[in-house]
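Trainee: Can you keep this structure in mind? I'll have questions shortly.
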Amino acid sequence: MPAAAANAFLAQRLLFLAQRTRLRWARRPARWAKSAIRGVAPAASCIKITTMRRLVLLLTLLGSLRATAQQTDSVRLLIDSTLRVMEQHAYNSSRINWAALRDSVARKAAGARSDADAAPALFWAFDQLQDKHGWITIADSTHYNTAVHREQRTLSAGIKAALQKGPYIYNGRVAGRYAYISIHFFMGQTEAAMNAYAQRLQDSLCKNVDARTKGIIIDLRLNGGGNSFPMYQGIVNVLGNRDFGASVDGRGRVQDDNRIRNNRVVLHGNHNDSIVLRLERMCRDLSALPVAVLISPASGSSAEQLAIAFTSRPRTVLIGERTAGYVTGNNGFELPGAGNGIVVAESLTRNTKGKLFTEDVRPGIEVTGGDDFTDRTKDAKIRAAVKWLEGQRSGGR
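Listed below in structure tokens is the structure:
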């Protein structure tokens, strides 16, 4: 993909990704999950210095105090709140000297009297997180780190053509014995919207399931991200009631165990609240059938989380090409001020086999290109899926 096209694709995807891609959720339908943050004074330190250094330090402190005094209470609260979220939630937080970072932000934001004045300093602080998946919005200006390394991916002509048509749930039967469904990105945040989308997925799958169905093909090739929870719920009878691994923070601590129970996905919020997604109707249990999951360089964020979940499922294979490389679980927070908020990469996912996914998701069967969403019989990845599924029927692996 040419650099300009890759950058445009990246920018579009970053703007459309949901606040989180693991089994947590933002309770509010707004862009940010509200976080109760209070300002905290930076820690002070004392050192032994010469008389001249004491004078220099005194003059520096006086200048800093004069600049700080010019800041409004709302700006100070915004700065303290933003840095607190970063320190407490960013995946790379443990690698940062927070005392030094706070001092740098204080200097850069000296004299800031509005959110817009403070934005450059906060954007600089965000860049220190080395976060390629999150972003920050201050005073109607959205910023993401353009300097952090992002490996370019090449999209096939078939993927590009299908993406241009917009989101669509492709579904049908393949070889008469296998139910096929594609899962596209979804951005809804309300309980009603999530349940409705999950039901659409389930209905689209189930109309292609009958007594002859011997396997499932789940297509994530056109899924650039979004809200993963209704995606899980929409194919809950394929995933099955089992554990799928855990979300792990930058210090190696388990934040959440990812699991499905009683055919329901439970979303945990930032305020000890939760939502249980539900399907009004569902076809038979498909959790014992073999499943082929198709992935591509356009599969990102939530699609990658869903692919990772399938790596913990028995009788499942990933087919295609390595994914976009946005595997972190994100968390979104509302910040003080109108429309201000931040989304930070908070965790990585470890499957039940102990594998921690740090970069992207790789296929078990690699098939490059050959994507055809107009004629499934000509699609190279679908043909590979059928071949693998046929092997499962004959007892092979």
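Numbered per full-length UniProt numbering, the sequence shown spans residues 1 to 397.
Glycine residues also receive a C-beta, built at the ideal position from the N, C-alpha and C atoms.
From a predicted model like this one, the values you see are computed outputs, not experimental measurements.
1) So, is T154 buried or exposed, given that buried needs 16 or more other C-beta atoms within 10 angstroms?
2) Tell whether a beta-carbon distance below 8 Å holds between D360 and D371.
3) Please determine, among G225, R107, A100 and N262, the residue with the shortest C-alpha to C-alpha distance to N299.
4) Residues in the same chain with beta-carbon distance under 6 Å from Q255, minus the five sequence neighbours each way, listed in chain order, please.
5) Check the C-beta distance from N208 over to A179 and give it rounded, since I have them as a contact under 8 Å.
6) Could you name each continuous beta strand (DSSP E) segment of 3 residues or more that falls completely within the region 153-214, going from the start of the chain to the end?
7) Using a 10 Å radius around the Cβ and a threshold of 16 neighbouring Cβ atoms, would you call Q164 buried or exposed?
8) Look up E366 in the DSSP assignment and give the residues it is bridged to.
9) State the DSSP-derived secondary structure class of L306, mapped to helix, strand or coil.
10) Can you tell me which of S94, K381, F229 and G329 puts its alpha carbon nearest to the alpha carbon of I295?
11) Quick one: residues in its chain with C-beta nearer than 6 Å to the C-beta of T323, no 5 flanking neighbours on either side, listed in chain order?
12) Comparing the CB of G188 with every heavy atom of the ligand ZN, is any distance shorter than 7 Å?
13) Verify whether the separation of the beta carbon atoms of G364 and P290 is less than 8 Å.
14) Please report the straight-line C-alpha distance between G369 and L205, rounded to a whole angstrom.
15) Any contact of the region 73-93 with the region 326-336, i.e. 3+ C-beta pairs under 8 Å?
16) Applying the criterion that 16 or more other CB atoms from any shown protein chain within 10 Å of the CB defines a buried residue, is T377 buried or exposed?
17) Could you name each continuous alpha helix (DSSP H) segment of 4 residues or more that falls completely within the region 105-136, going from the start of the chain to the end?
18) Could you have a look at D219 and say whether DSSP puts it in helix, strand or coil?
19) Among residues of its own chain, excluding the 5 on either side of residue 402, which ones have a beta-carbon nearer than 8 Å to its beta-carbon?
20) Quick one: residues in its chain with C-beta nearer than 6 Å to the C-beta of G320, no 5 flanking neighbours on either side, listed in chain order?
21) Just mark W388 as buried or exposed, buried being the case when its beta carbon has 16 or more other beta carbons within 10 Å.
22) With C-beta atoms as the reference, is G337 less than 8 Å away from D115?
23) State the beta-bridge partners of A292 as determined by DSSP.
24) Which whole-angstrom value is the C-beta distance of I218 and I183, which I expect to be below 8 Å?
25) Touch check for the region 69-79 and the region 100-118: three-plus C-beta pairs under 8 Å?
26) Could you name the residues of the same chain whose beta carbon sits closer than 8 Å to that of W124, not counting the 5 residues immediately before and after it, in chain order?
27) Using C-beta distances below 6 Å, list every residue in its chain close to R113, excluding the 5 sequence neighbours before and after it, in chain order.
28) I'd like the span of the beta strand (DSSP E) that includes T142, first residue to last.
29) Spatial neighbours of I275 within its chain, please: CB distance less than 6 Å, with the 5 preceding and 5 following residues excluded, ordered by chain position.
30) To which residues of the same chain is R175 closer than 7 Å at the C-beta, ignoring the five residues directly before and after it?
31) Measure the alpha-carbon distance for N258 versus R221 and round it to whole angstroms.
32) At the level of alpha carbons, what is the spacing between R278 and D285?
33) Given that a residue counts as buried once 16 or more other Cβ atoms are within 10 Å of its Cβ, and exposed if not, what is R393?
34) Within the same chain, show all residues whose beta-carbon is closer than 6 Å to that of A196, passing over the 5 residues directly before and after it, in chain order.
35) In the DSSP assignment, what residue or residues form a beta bridge with I275?
36) Starting from E346, trace the beta strand (DSSP E) both ways and give me its first and last residue.
Mentor: Inspection of the coordinates gives the following:
1) As a first step, residue 154 must be located in the sequence shown, where it is residue number 154. Its Cβ having fewer than 16 others within 10 Å, T154 is exposed.
2) Within the sequence shown, the letter at position 360 stands for residue 360. Within the sequence shown, the letter at position 371 stands for residue 371. No, the Cβ-Cβ distance between D360 and D371 is not below 8 Å.
3) Sequence index remark: in the sequence shown, residue 299 carries index 299 (1-based). It is Ser, not Asn, that sits at residue 299 in the sequence shown. Residue G225 is the option with its Cα nearest to S299.
4) Residue mapping note: residue 255 aligns to position 255 of the sequence shown, counting from 1. Excluding sequence neighbours, Q255 sits near S247, D249 and S347.
5) Walking along the sequence shown from the start, residue 208 turns up at place 208. Walking along the sequence shown from the start, residue 179 turns up at place 179. That pair is a contact at about 4 Å.
6) Correct list: 171-174 and 178-182.
7) For this step, residue 164 is matched to residue 164 along the sequence shown. Exposed.
8) Position 366 of the sequence shown holds residue 366. Per DSSP, G320.
9) Position 306 of the sequence shown, counted from the start, is the residue given in the question as residue 306. Helix, per DSSP.
10) Here residue 295 refers to the residue found at position 295 when the sequence shown is read from its first residue. For the residues S94, K381, F229 and G329, the minimum Cα distance to I295 belongs to K381.
11) Taking the first residue of the sequence shown as 1, we reach residue 323 at position 323. Here T323 has I295, S299, E304, D360 and V361 as same chain residues with Cβ atoms under 6 Å from its own Cβ, once five neighbours each way along the sequence are excluded.
12) Looking for the ligand ZN in the displayed structure turns up nothing, as the structure carries no ligands at all.
13) Translated into the one-based positions of the sequence shown, residue 364 becomes position 364. Translated into the one-based positions of the sequence shown, residue 290 becomes position 290. The criterion of a C-beta distance shorter than 8 Å is not satisfied by G364 and P290.
14) Position 369 of the sequence shown, counting from 1, holds the residue named residue 369. Position 205 of the sequence shown, counting from 1, holds the residue named residue 205. The alpha-carbon atoms of G369 and L205 are separated by roughly 25 Å.
15) In short, these stretches touch, since the Cβ pair count reaches three.
16) Position 377 of the sequence shown holds residue 377. Result: exposed.
17) Runs found: 115-127.
18) For the purposes of this step, residue 219 is taken as residue 219 along the sequence shown, with counting starting at 1. Reduced to three states, the DSSP call for D219 is strand.
19) The structure shown does not extend to residue 402, since the chain is modelled only from 1 to 397, so the question has no answer here.
20) For the purposes of this step, residue 320 is identified with residue 320 of the sequence shown, where counting begins at 1. So the qualifying residues of the chain are L294, I295, S296, P363, V367 and K381.
21) Within the sequence shown, residue 388 is the residue found at index 388, counting from 1. A residue is called buried when at least 16 other Cβ atoms come within 10 angstroms of its Cβ; W388 meets this threshold and is buried.
22) The count along the sequence shown starts at 1 and reaches residue 337 at position 337. The count along the sequence shown starts at 1 and reaches residue 115 at position 115. Taking 8 Å as the Cβ cut-off, G337 and D115 qualify as a contacting pair.
23) Start at 1 with the first residue of the sequence shown, and residue 292 comes out as number 292. The partner list for A292 (beta bridge, DSSP) reads I217 and V317.
24) Sequence index remark: in the sequence shown, residue 218 carries index 218 (1-based). Sequence index remark: in the sequence shown, residue 183 carries index 183 (1-based). About 7 Å; that satisfies the 8 Å criterion.
25) Yes: at least three Cβ pairs fall under 8 Å.
26) Counting from one through the sequence shown, the residue named residue 124 turns up at place 124. For W124, same chain residues with a beta-carbon under 8 Å away, outside a window of 5 residues either side, are S104, V105 and K108 in chain order.
27) Along the sequence shown, read from residue 1 onward, the residue named residue 113 stands at position 113. If we look at R113 and ignore the five residues flanking it on each side, its Cβ neighbours are T72.
28) Counted from its first residue, the sequence shown places residue 142 at position 142. T142 -> beta strand (DSSP E) spans S141 to H143.
29) Along the sequence shown, read from residue 1 onward, the residue named residue 275 stands at position 275. When the five nearest sequence neighbours on each side are left out, the beta carbons in the same chain lying within less than 6 Å of the beta carbon of I275 are those of E191 and L267, in order along the chain.
30) The residue you call residue 175 lines up with position 175 of the sequence shown. One detail in the question is off: residue 175 reads as Ala in this sequence, not Arg. Closer than 7 Å at the Cβ level, and outside the excluded window around A175, lie V386.
31) Taking the first residue of the sequence shown as position 1, residue 258 is located at position 258. Taking the first residue of the sequence shown as position 1, residue 221 is located at position 221. Approximately 23 Å, taken between the alpha carbons.
32) Here residue 278 corresponds to residue number 278 of the sequence shown, with the count starting at 1. Here residue 285 corresponds to residue number 285 of the sequence shown, with the count starting at 1. D285 has its alpha-carbon roughly 15 Å from the corresponding atom of R278.
33) What you label residue 393 is simply residue 393 of the sequence shown in a count that begins at 1. It counts as exposed.
34) Against the sequence shown, residue 196 aligns to sequence position 196. Excluding residues within five positions, none has a Cβ falling inside 6 Å.
35) For the purposes of this step, residue 275 is taken as the residue at position 275 of the sequence shown. Beta-bridge pairing links I275 to L267.
36) Residue 346 sits at position 346 when you count from the first residue of the sequence shown. Segment G341 to R350, the beta strand (DSSP E) holding E346.
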